[in-house]
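These notes concern the structure reproduced below.
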Amino acid sequence: MTVTLLSMSVGTYEVTTTRDVSPHGACILTKQQWEPNQRIDVRSLQGSFSGFARVVHCRQKGPAFITGMEFFFTNGQWMEGQRHSSGAATG
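Using the working numbering, read the sequence shown as starting at 85 and increasing by one per residue.
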């Protein structure tokens, strides 16, 4: 699934894809390295999903990075039929 990532602190922007998504977080394939605890605005291009997350880890894999993010607020749908409720993510 295609998403946009926007750093809330340094203004870094990237359009990329997810590898795995859950109600509490996502594993995202990125072109650049993101710093642990960096705050990120995440938005789905195919649905109405938007959320705020923090970077949990970022590991290089070849020319790309596998970036794990934990959501602390989500709203909307990734795609039709996949609804996430508003509010803080727990767990």
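All residues carry an ideal CB built from backbone N, CA and C; glycine is no exception.
Where does residue i land, buried or exposed, given buried means 16+ other C-beta within 10 angstroms?
i	result
F157	exposed
G146	exposed
Q99	Reading off the sequence shown, one finds Val at residue 99, where the question assumed Gln. It is exposed - the Cβ of V99 has fewer than 16 other Cβ atoms within 10 Å.
Less than 8 Å between the beta carbons of residue i and residue j, yes or no?
i	j	result
S132	V87	no
N159	R138	no
A95	E154	Checking the sequence shown, residue 95 turns out to be Gly, not Ala. No. Outside cutoff.
For residue i, which residues from the same chain have a beta carbon less than 8 Å from its beta carbon, with the 5 sequence-adjacent residues on both sides left out?
i	result
T101	M85, T86, V87, I112 and L113
C142	T114, Q117, W118, E119, P120, F149, I150, T151 and G152
I124	L89, L90, S91, M92, W118, F136, A137, R138, V139 and M153
Within a Cβ cutoff of 6 Å, which residues of the same chain sit near residue i, ignoring the five residues on either side of it in sequence?
i	result
Y97	L90
V140	G152 and E154
N104	According to the sequence shown, residue 104 is Asp rather than Asn. For D104, where only same-chain residues beyond five positions count, the Cβ hits under 6 Å are C111.
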